[in-house]
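Q: Residue numbers (this note's numbering): 32 to 115.
Even glycine gets a Cβ: it sits at the ideal position worked out from N, Cα and C.
What follows is a single structure, and I will ask about it in a moment.
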């Protein structure tokens, strides 16, 4: 869950990021997230029980690891050469 504070009329700055699973407050300095975080913003489409609903969540690295370890099919992991 990301919480923003208003700076000016049209501008906002990241204030806090809280893990939706465990409630841990992730490190944010000057509006910049300084800790690993898995973030999802997903809109359910047709043929779903959740048509038109948008789910947004953030997980700390520990909760992400716990979640993905429980998958029947392992997550495919590869390395990136460049961070944007």
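#1: Taking the C-alpha atoms as reference points, what is the distance between residue 93 and residue 77?
#2: Three-state secondary structure (DSSP) at residue 100?
#3: Please report how far the alpha carbon of residue 36 lies from the alpha carbon of residue 43, in whole angstroms.
#4: By Cβ distance below 7 angstroms, which residues in the same chain neighbour residue 67 in space, the five residues on each side in sequence not counted?
#5: Report buried or exposed for residue 48, applying the criterion of at least 16 other Cβ atoms within 10 angstroms of its Cβ.
A: On the basis of the coordinates in this document:
#1: 33 angstroms
#2: helix
#3: 6 angstroms
#4: 92
#5: buried
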